[in-house]
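Visitor:
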Amino acid sequence: MVNQQQTNNSAQVQDLTEALTAARRMQQDWLNYGLNFVHIYVEDVESDWLETWGDDEISNPLFDAIKDFLVSDDEIAIKIRKYFPEASLFDLAVDLEECLRIARENDKASAVKNVLASDIDLDDLELLDLVNSFLAKL
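No gaps in the numbering here: position 62 of the sequence shown is 61 in numbering that gives the first Met the number 0, and each next residue is one more.
1. Among W52, E97, R103 and Y82, which has the Cα closest to the Cα of N59?
2. K81: buried (16+ other C-beta within 10 angstroms of its C-beta) or exposed?
3. Pick out the complete alpha helix (DSSP H) segments inside the segment 1-34, 4 residues or longer, and give them in chain order.
4. Buried or exposed for F133, please, with buried defined as at least 16 other CB atoms from any protein chain shown within 10 angstroms of its CB.
5. Along the alpha helix (DSSP H) that carries V111, what are the first and last residues, could you check?
6. Are the segment 36-45 and the segment 63-77 touching by the rule of at least three beta carbon pairs closer than 8 Å?
7. Look at the alpha carbon of L126 and the alpha carbon of E50, and state the distance between them as a whole number of angstroms.
8. CA-CA distance, K107 and L137?
9. Given that a residue counts as buried once 16 or more other Cβ atoms are within 10 Å of its Cβ, and exposed if not, what is A92?
Below, the structure is given as structure tokens:
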């Protein structure tokens with residue numbers, strides 16, 4: 000066990016050393032070549048990458064709707080935020096979006112209930128009411 004931990008530590012130190020070496024080499028190239036150093040590290044620096052930035056991002060209207068809902072002044076959104084004061088709303092939106100992609104309504108409600116019940120202490124009726132209200136809003 001101790002030997003394995005030392006091996007893991009050695010591997011982590013080796014990875015860190017390699018990353019620092021690469022960063023120092025990049026910094027030195029920047030100092031030597033100025034902005035032209037990007038030609039060393041980027042193959043298609045002359046392409047239209049800036050004009051097409053974001054074109055490859057997939058638009059997800061359901062996820063956007065959930066994020067907008069969670070930060071809104073809606074009564075249900077306020078309750079959810081109250082029950083999850085420390086939670087990242089982005090992470091919660093990711094989890095809820097996965098639940099809402101489920102085709103069957105009963106499974107969808109159960110999945111949302113599991114996500115919301117994971118960190119809070121609510122009785123089943125109050126939690127079920129919160130889940131149903133959330134599903135009705137979206």
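Even glycine gets a Cβ: it sits at the ideal position worked out from N, Cα and C.
Guide: According to the structure data:
1. Along the sequence shown, one-based indexing puts residue 59 at 60. Of W52, E97, R103 and Y82, the residue nearest in Cα terms is E97.
2. Stepping through the sequence shown from its first residue, residue 81 is reached at position 82. When all chains shown are included, K81 counts as exposed.
3. 1-32
4. The count along the sequence shown starts at 1 and reaches residue 133 at position 134. Burial of F133 is indicated by the presence of at least 16 other C-beta atoms within 10 angstroms of its C-beta.
5. Working through the sequence shown from its first residue, we reach residue 111 at position 112. Segment E104 to A116, the alpha helix (DSSP H) holding V111.
6. Taking 8 Å as the limit for Cβ pairs, the verdict is that the segment 63-77 does not touch the segment 36-45.
7. Reading the sequence shown from its first residue, position 127 is the one you call residue 126. Reading the sequence shown from its first residue, position 51 is the one you call residue 50. Our two residues, L126 and E50, have alpha carbons roughly 47 Å apart in a direct line.
8. Here residue 107 is taken as the residue at index 108 of the sequence shown, counted from 1. Here residue 137 is taken as the residue at index 138 of the sequence shown, counted from 1. K107 and L137 have their C-alpha atoms spaced approximately 12 Å apart.
9. Looking up residue 92 in the sequence shown gives position 93. Buried: at least 16 other Cβ atoms inside 10 Å.
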